[in-house]
Structures are given as structure tokens and as C-alpha cells.
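**Q** The sequence shown runs 1 to 578 under the numbering used here.
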Amino acid sequence: MDRQAWIAVTLAIIGLIAWQVYTLQHPRPSPVRTLASPTPGVVAATSATPTPAASAALQPNEPAATPVPASFPEKTASLRNGDVQLRLTNRGGGIAEAVLPQHKAENGQPVKLNAANRVPIGAILEKPATPQLAEFTVVPAPAGSVQFERALPNGVTLRKKFTLPAPPNEKDNYVAQLEVDFQNNGTAAYTNPGYFVALGSAAPIHRNDMPNYTRATWCINGKAKYTDVSWFAAQNYPFVGVQKRAAQQYFNEPLAGAEWVGVSNQFFVTLATPLTTKATSVWATRFEAGATAKGNPEYGVESAMGMPGFQVPPGKTEAVQFQLYLGPKLYHRLAQLTHDEAEIMDFGLWKLVSQALLNMMNFLHSFLGNYALAILVLTAIIKLILWPLQTKANKSMRRMSALSPKMQELREKFKDDPTKMNSEVMKLYKDYGINPVSGCLPMMIQIPIFFGLFTMLRQAVELRNASFLWVHDLSQPDTVAHIPGIGWPINILPLIMAATNVWLMRLTPKSGDATQQRVMMFMPLIFVVFCYNFAAALALYYTTQNLFTILQLYQNRNQPLPKLEKVNQSARRKGKGR
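1. Which residue or residues does DSSP assign as beta-bridge partners of F267?
2. Got a sec? Which residues, its chain only, sit under 7 Å from E424 by beta carbon, not counting five neighbours each side?
3. Measure the C-alpha to C-alpha separation of L386 and M361 and round it to an integer number of angstroms.
4. With a floor of 3 residues, list each beta strand (DSSP E) that falls wholly inside the stretch 415–491, ordered by position along the chain.
5. Determine the direct distance from the alpha carbon of M345 to that of E553, and round the result to whole angstroms.
6. Give a yes or no on contact between the stretch 483–497 and the stretch 370–385, applying the rule of three or more CB pairs nearer than 8 Å.
7. Does DSSP classify N61 as helix, strand or coil?
8. Using a Cβ-Cβ cut-off of 7 Å (strictly less than) and excluding sequence neighbours within five positions of L199, which residues of its own chain qualify?
9. According to the neighbour-count rule (16 or more other Cβ atoms, all chains shown, within 10 Å of its Cβ), is P128 buried or exposed?
10. Could you have a look at H103 and say whether DSSP puts it in helix, strand or coil?
11. Could you give the first and the last residue of the continuous beta strand (DSSP E) run that contains M345?
12. On a CA-only basis, which of N370, L540, I382, Q321 is nearest A356? Give me that one, please.
13. Would the stretch 281–290 count as touching the stretch 168–182 if we require 3 or more Cβ pairs under 8 Å?
14. With C-beta atoms as the reference, is T479 less than 8 Å away from N491?
15. Considering only C-alpha positions, which residue in the set P297, L113, F196, V99 is nearest to N252?
16. Could you name the residues that DSSP lists as bridge partners for V502?
17. Taking all protein chains shown into account, do 16 or more other C-beta atoms lie within 10 angstroms of the C-beta of I447, making it buried, or fewer, making it exposed?
18. Have a look at the DSSP bridge pairing and note the partners of T285.
19. Note down, one range per segment and in chain order, each beta strand (DSSP E) of at least 3 residues found wholly within the stretch 77–139.
20. Among the candidates Y429, E179, Q476, whose CA atom is the shortest distance from the CA of M407?
21. Can you name the start and end residues of the alpha helix (DSSP H) that K406 belongs to?
22. Could you spell out where the beta strand (DSSP E) holding Y325 opens and where it closes?
23. Roughly how many angstroms separate the alpha carbons of W231 and F451, rounded to a whole number?
24. Nearest to A202 by alpha carbon, out of A536, T137, R215, R333?
25. Who are the near neighbours of A291 in its chain, counting only those whose CB is closer than 8 Å to its CB and skipping five residues on each side?
26. Mapping DSSP to helix, strand and coil, what is L275?
27. If V138 sits next to K75, beta carbons under 8 Å apart, how far is it from one beta carbon to the other, in whole angstroms?
28. Please find out if some non-hydrogen atom of the ligand PLP comes closer than 7 Å to the beta-carbon of K75.
29. I'd like the span of the alpha helix (DSSP H) that includes I550, first residue to last.
30. Are Q177 and Q321 close, meaning C-beta to C-beta below 8 Å?
31. Between Q459 and the rest of its own chain, which residues show a CB-CB distance below 7 Å, the 5 nearest in sequence each way excluded?
32. Which one of P142, L384, L373, R91 has the shortest CA to CA distance from P131?
33. I think Y325 touches Y174, with their Cβ atoms under 8 Å apart; what is that distance to the nearest whole Å?
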């Protein structure tokens, strides 16, 4: 039994380490040939054949047309408020970049959504795999808006107006509006079989980000779904190297009416919400956006939203309105929007717990002015709530520890009859009025808190660049150096967390058999492997929680030792009967 336990624990640790290494590896790109663009600044088009899209997409095996727009000088315009600046271009009539002056990138410059060399946000595309970004004319528009116009064949005029609404009293104004008009000035009806609206691109906000943070995402019936940059790589069976799916150049999925579609990285998002209809498909591709510290490629994702077809009689106009959100993943701001935009947070199974913890952390920060202090106080509040339950559990564990000699006698006596041994152990618990589950109850309650906090902290943009002692950014690992030669990061807080775990285990009353105790010895190692490269805020919470538990154990140890006395079962039954 001991040998089997050692083997199981060793395999579990090896599996955890292998999984960490596997998920940190960035997939390599599939080979793609590109054609040089004849127009400065125009996105190069791929020569490969895209997969099927919605009604406006190419059919399978249909060759991609090479876009050859006439050369024209690029003209730009700008809209801004205190939180976002939209840099608009006549190249496709869209948003070339959204600059966020309140948020700094790793290079110290403001964070930018999309990039000038990608397809502009809001560009109207027939085939997103081969975007033809024609010239638009900037026409006069009301204050606070920019309007583009372009003449289409058959007397149709396409107009697009971008607006930043007047800022309300509250801060965090990242919402823009896009109005698209197809005005039919011709003599025949204009039929559009469907089109795509470009959503721009998203790239990793930090070097060495997990690949699944960068994704195209959409929402159907209040549920968010996504595909990340890892999807495009060739898929292999783990550890054996056998390919189960070739690399994909494009992602394309019809949708049964999506409330919104967007692109996002770990902390920032571009969302487009059609207000007068719903999206019918999502299209995406990946591109090389940079390199990791080890020189491996990092990838971004570019996406477009398929829109339904329509018909416009002569003299009429088809108007489509979009709400754009271009900014950080601020839950309280996204929750104010009315089309389930807050689902971009992807809290998943721990949604209610994550929301409650995030709201509490922000509430505490509004008083304390420091997110590290807010996490420390939040930890103290959680611990105070669980204090009575933990004290009761500690008392139960001390009683079980005192009962260990009797339990060991039973194990030796019935070692050849496990069924009889278990029944006798349970009878022993009953005789002395001990509930073996009570010692685990506080841990069971803390599991949703831990995972809810983990889910929340991994995308809480509020923690970006928040410092604490030697920690420069609570949303990232607290790396202070790298091991020479191998480049392995030295993260202090996870090591302190592991040390407090060891300390805690030494103080915890011993219960269970020797095998269980040996297995528990590996818990600090498992946790440090699991949490080593996660946000420093998570390690700060768990370390503080350990220290509070250690303090409580010392306080409980000063209480008198429990007396082992058999329970009067008849009196107990009478008490229950009353």
C-alpha cells in the first residue's frame, strides 16, 4: 500500500509539472505565403484558400481573390475622451487604433487595441480572408463624431459614423457607437447577401502570456464562447507526438444569432454589439505578434463578425447600429451594458464567488487605496467568517489524533480484512462521538473560494501595475531574477506560500494512517507547482490565509487537550428524540 501511494503521488507531481510545461509552450505557425500590398499601410492578404464562412464567405476550394485597391494617401481623424482615443483612418473607414492613456503597457507607453498594420475595427468586408480596404472620404459630421462615406456600384452610398457619447459623470468611458447606412439612390433594389464587420486584432498584453488568454469570443443566449490562438496550431496527442489534426489557417463558425462578438487578451477587449440585429457567424485567424523571451513566436488573433443579408428598395436606407466597447475588462463597467457583455469575464463555474470577491476587493480598495492591502483585508474577513468552523474542525482533529493509537490497533488486528477494519473504525468514531468529515469541512468550503479567487485574479485588470513591497505588478508572477543558464524564474511569494504550507502541516494534528500522512507531505510541493507562475495576488492571498490559520492553530493548542470519553448512545438517542 505504501509503495502504491508513493508511485501515485510521484506520477501526480510529474503530471502537474508536465502540464505546466505543456501549457506554457507556444504553438508554431502554419506556413502561410503573403502577397505584398500595393498601398502603404494596407494589410497583406494571404494566398491560401479560406474555409467556408457565412453567406458572404468563399465556398470550399474557391481560390481567394487578390485585393488590388487603387493607391491612395491615408487620412486620419481622431475622437477622444479622458479614457480612450480613437485613431480613425480612411483606409476601410474604421478604427486603426484605440489608445488607452490610463493603462500602461510593459514598455511604459499607453495600451493600444488593434494595430495600424491590421484591418481597422469597423471595416466592412466581403471576404475577411482577403480584405479589400478601399478609400473612404471623411465628410463633415456633428461634434464628437467622425463620418466616412464611399460610393458603391448601382447608386448605393455607404456611410459610417463613429461617435464617442458625451461622457457621463462616472469614469471608465470606453463605449463608442458605430452607425452604418446603406443608402440606395439607384432605380433598382439593392441586395446584399451578407457582409463582415472587422473587429480588429488582439495580441498578448504581457510577454509569455498563456496562449488561451488571446482569443476571439462571442455570446449566444447569455453564454460566452471562444476560440484562442492555440486552436490554429496542429493538434497532437500529448506525449506521443502523433498528429490528430493539421494546422488551421482560419476559424469559421456560423452562429444562431450572437449578441456580441469580440477579440480579447488577458485584460483588454474589443467588443462589437449589433443593436438592430444579431451576428450570424464569427471568423478569425492568427498572426505572429512578437516573440517570447526565449525567441519563440507569440501570436495574436484577428477576427470579423458575419452580418445577415438584406434588401433595400430604391430611395430607402438600411441602417445598422453597433455598440463598441474598447477598453479593459472592468466587470463593474461591463455589467452596466445591456447585452451580457460582462460574460466576457469568463468566470465559469465559480461565477457567483468570483463576482462577490471582485466586488468586495474593489469596495475595500475604495477605502484603503491599495490593492495589496485590499487583498490582505479580504483574506482577514474570509478567515474571520470561517474562524468558528475552523476552531471546531481543529478540535475534531485533535480528538482524532488522540484516537490514533486505538485506530492503529484496529488496522493491525484486521489488516487482512479491509471491510471489517473500516466497519470497526467507523464504530470507534461513533463510540467516541467523532465526525471524521468535520475536519475537512473548512477545506471543502475554501475550495470554491480559492478557485473563485483564482478565476477572478487571472483577469482582474485592476491589479495591473499595482505594487506591493518587491512586487511590481500583482497581476503577474513576482519574478525577481532568473536562474543563470536555464532561465527559470525565481518567484518569491510562491516559495513563501510553500514554506507556510509546510509550517501549517507540522502544526496540524496528525490523523489518518501513515500512508495518508505521507501523501499530505507532498501538498506544499503540489501547490507551489500549481501556483508558481500565477498572479502574485493569488500567492499573497494564500500565504496570508496560511498565516491566519497558523495563528489559529497556536491559539487552539493553548486550550486543554480533549478527553476521550465514550458517548452514552442511549442518552444521545433520547436527546435526539426530544
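Built from N, CA and C at the ideal position, the CB exists for glycine as well.
**A** In terms of the structure at hand:
1. One-based indexing of the sequence shown puts residue 267 at position 267. Within the DSSP bridge table, the entry for F267 names no partner.
2. Position 424 of the sequence shown, counted from the first residue, corresponds to residue 424. Cβ neighbours of E424 beyond the five flanking positions: L410, F414.
3. Within the sequence shown, residue 386 is the residue found at index 386, counting from 1. Within the sequence shown, residue 361 is the residue found at index 361, counting from 1. Cα to Cα, L386 sits roughly 18 Å from M361.
4. Along the length of the stretch 415–491, whole beta strand (DSSP E) runs at least 3 residues long occupy 479–482, 489–491, reported in chain order.
5. Within the sequence shown, the letter at position 553 stands for residue 553. Within the sequence shown, the letter at position 345 stands for residue 345. It is worth fixing the name first, because residue 553 is Leu in this sequence and not Glu. Each residue's CA atom was taken as its position, placing L553 and M345 some 37 Å apart.
6. Verdict: no, contact absent.
7. The residue you call residue 61 lines up with position 61 of the sequence shown. Caution is warranted here: a pLDDT of 33 is assigned to N61, below 50, making its placement in the model unreliable, and no coordinate value can be reported.
8. Numbered from 1 along the sequence shown, position 199 holds the residue referred to as residue 199. Within its own chain, the residues whose Cβ lies closer than 7 Å to the Cβ of L199, once the five positions on either side in sequence are excluded, are I121, V261, G262, V263, T270, A272, S303, A304, M305, listed in chain order.
9. Within the sequence shown, the letter at position 128 stands for residue 128. Under this definition P128 is a buried residue.
10. For the purposes of this step, residue 103 is identified with residue 103 of the sequence shown, where counting begins at 1. If DSSP states are grouped into helix, strand and coil, H103 belongs with the strands.
11. The residue labelled residue 345 in the question sits at position 345 within the sequence shown. Premise fails: M345 is in no beta strand (DSSP E) and is neither H nor E.
12. Residue numbering aside, residue 356 sits at position 356 when the sequence shown is read from its first letter. When each option's Cα is compared against that of A356, the closest is I382.
13. In short, these stretches do not touch, since the Cβ pair count stays below three.
14. Here the question's residue 479 lines up with position 479 in the sequence shown. Here the question's residue 491 lines up with position 491 in the sequence shown. A contact, by the Cβ cut-off of 8 Å.
15. Numbered from its first residue, the sequence shown carries residue 252 at position 252. Scanning P297, L113, F196, V99 for the CA closest to the CA of N252 turns up F196.
16. Numbered from its first residue, the sequence shown carries residue 502 at position 502. V502 pairs with nothing; no bridge assigned.
17. For the purposes of this step, residue 447 is taken as the residue at position 447 of the sequence shown. Result: exposed.
18. Your numbering for residue 285 matches position 285 in the sequence shown. Per the DSSP secondary-structure output, T285 pairs in a beta bridge with Y250, E302.
19. Taking only runs of at least 3 residues, the beta strand (DSSP E) segments lying wholly in the stretch 77–139 are 85–89, 94–104, 110–113, 137–139.
20. Taking the first residue of the sequence shown as position 1, residue 407 is located at position 407. Residue Y429 holds the alpha-carbon nearest to the alpha-carbon of M407 among Y429, E179, Q476.
21. Here the question's residue 406 lines up with position 406 in the sequence shown. Note, K406: alpha helix (DSSP H), 404–413.
22. The count along the sequence shown starts at 1 and reaches residue 325 at position 325. For Y325, the enclosing beta strand (DSSP E) starts and ends at 317–328.
23. Taking the sequence shown and counting its residues from 1, the one referred to as residue 231 is at position 231. Taking the sequence shown and counting its residues from 1, the one referred to as residue 451 is at position 451. When rounded, the distance between both Cα atoms is 25 Å.
24. Residue numbering aside, residue 202 sits at position 202 when the sequence shown is read from its first letter. Relative to A202, the option among A536, T137, R215, R333 whose CA is nearest is R215.
25. If you number the sequence shown from 1, residue 291 lands on position 291. By the criterion of a C-beta distance shorter than 8 Å, A291 is surrounded in its chain by P297, E298, once the five residues flanking it on both sides are discounted.
26. Counting from one through the sequence shown, the residue named residue 275 turns up at place 275. Coil, per DSSP.
27. Taking the sequence shown and counting its residues from 1, the one referred to as residue 138 is at position 138. Taking the sequence shown and counting its residues from 1, the one referred to as residue 75 is at position 75. Between K75 and V138 the Cβ distance is about 6 Å, and since that is below 8 Å, they are a contact.
28. Looking for the ligand PLP in the displayed structure turns up nothing, as the structure carries no ligands at all.
29. Reading the sequence shown from its first residue, position 550 is the one you call residue 550. Looking at the DSSP string, the run of the alpha helix (DSSP H) that includes I550 is 536–557.
30. Position 177 of the sequence shown, counted from the first residue, corresponds to residue 177. Position 321 of the sequence shown, counted from the first residue, corresponds to residue 321. Cβ atoms of Q177 and Q321: closer than 8 Å.
31. Sequence index remark: in the sequence shown, residue 459 carries index 459 (1-based). Q266, F267, K329, M345, listed in sequence order.
32. The residue labelled residue 131 in the question sits at position 131 within the sequence shown. When each option's Cα is compared against that of P131, the closest is R91.
33. On the sequence shown, residue 325 is found 325 positions in, with the first residue counted as 1. On the sequence shown, residue 174 is found 174 positions in, with the first residue counted as 1. Correct: roughly 6 Å between the Cβ atoms.
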